[in-house]
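My numbering numbers the first residue of the sequence shown as 5 and each following residue consecutively.
In this text, a Cβ means the ideal position worked out from N, Cα and C, and glycines have one as well.
Remarks on the structure that follows.
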Amino acid sequence: MFRRARWLPEVVAAAGLVVSPQAWALNVERLEPAEQAVMESLLSTLEPVLAPKKADGTAVLLTWEELYAPLSPEQRGFLDSMRALRGADLGATSHYFGLFDGDAALTPVGPQTILKNGVPTPLDPQHLPRVVLAAYQRMMETMRQDLGKGLLVESGYRSSAYQLYLFLYYAPKHGYSIRETNRFVALPGHSEHGHPPRQAIDFINEAGINGEDHPEEFEALPEYAWLQAHARTYGFVLSYPRDNPHHTAFEPWHWHYEGSSD
Ligand SMILES: [Zn+2]
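Have a look at this one:
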C-alpha cells in the first residue's frame with residue numbers, strides 16, 4: 005500500500021500503452037478551461053471507483069494503482085502533473101513529508117456513532133496507526149472522566165492517492181484555483197493524515213460538531229478547551245493554530261501525534 009513510484013511502469017505495461025502521457029502546465033491561480041475539462045472528466049471516471057469505497061470505508065486506503073487504473077492516457081498525464089505539484093510551487097510554506105513508505109500497523113478505529121439532531125448516525129470507518137489509536141483511547145478515557153463525553157475520529161489515516169483524489173474533488177468548489185484549494189486541502193505528501201510518523205486526527209464531537217461544517221462551534225466546545233489543556237500529555241499537538249506561519253487555515257479540530265513522554 006505504501007509503494008512509492010513503482011506504479012507507473014506497471015500500469016503502463018499492463019495497459020499496453022506506448023504513448024507518453026501529456027504533461028500539463030497547470031495554471032495554479034485558476035486552471036485553464038482545457039485543464040478544468042480534463043479534471044471534470046477525471047472526477048467522472050473515478051466516481052464509480054470511489055463510490056463503493058466511500059460506502060464501505062476503504063476509500064482512505066486507496067492505492068496509486070487503483071487511482072490510475074481506469075484513466076485514459078490524457079487523464080493519467082493530468083494526474084501526473086497534479087501529483088508532481090509541491091506546496092513550494094504555490095508559494096506555500098507547508099511542509100513536504102514525502103510519501104510514506106513504511107509499515108504503519110494501520111488498525112481500524114471501530115464503529116463510531118454520533119447523535120445528529122438526536123438521531124444515531126454512524127461515522128465512516130477510520131484507520132489509525134496502532135500506537136496512535138492506543139494514545140487516543142487513553143486520552144478519551146480521561147476526557148470522559150472529566151467531561152462526561154469524548155471526541156470521535158472523523159478522519160484519521162488517508163493514503164496519498166486518496167489525498168490527491170480529495171484535492172481534485174475540492175478544486176472545483178474553490179473556483180479551480182490550485183492555490184486556493186491548497187489552503188484547505190493538502191497536496192499528497194503534505195498531509196499529516198497520510199504520514200503515520202506524525203499521524204493527524206480530525207475530531208468530531210458526539211453531537212456531530214466538526215471542523216468542516218462548524219468551525220466556530222467546534223472552537224467553543226468544552227472538548228476543545230480540554231484538548232488545549234491536556235492533549236500534549238497524551239502526545240497530541242494542535243497542528244494549525246490561528247495565524248500559523250504555514251498559511252493554513254486555523255483548524256482547531258486537527259491534531260497530530262508526536263508521541264508521549266511517558
Ligand atoms: Zn485534518
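- If the five residues before and after Leu35 are omitted, its C-beta is found closer than 6 angstroms to the C-beta atoms of Tyr180, all from its own chain and listed in chain order.
- By the criterion of a C-beta distance shorter than 7 angstroms, Phe254 is surrounded in its chain by Tyr244, Pro245, Arg246, once the five residues flanking it on both sides are discounted.
- Per DSSP, the continuous beta strand (DSSP E) segment holding Lys120 begins and ends at 117-120.
- Distance from the CA atom of Glu44 to the CA atom of Asn248, rounded to whole angstroms, is 33 angstroms.
- If you draw a 10 Å sphere on the C-beta of Asn209, you find 16 or more other C-beta atoms in it, and that means buried.
- Counting C-beta pairs closer than 8 angstroms gives three or more between the segment 140-160 and the segment 102-117, which meets the contact rule.
- If you draw a 10 Å sphere on the C-beta of Gln203, you find 16 or more other C-beta atoms in it, and that means buried.
- Glu223 and Val241 do not touch by the CB rule: their CB atoms are close to 17 angstroms apart, not below 8 angstroms.
- The bridge partners DSSP lists for Trp259 are Ile205, Leu242.
- The C-alpha of Glu220 lies about 16 angstroms from the C-alpha of Leu231.
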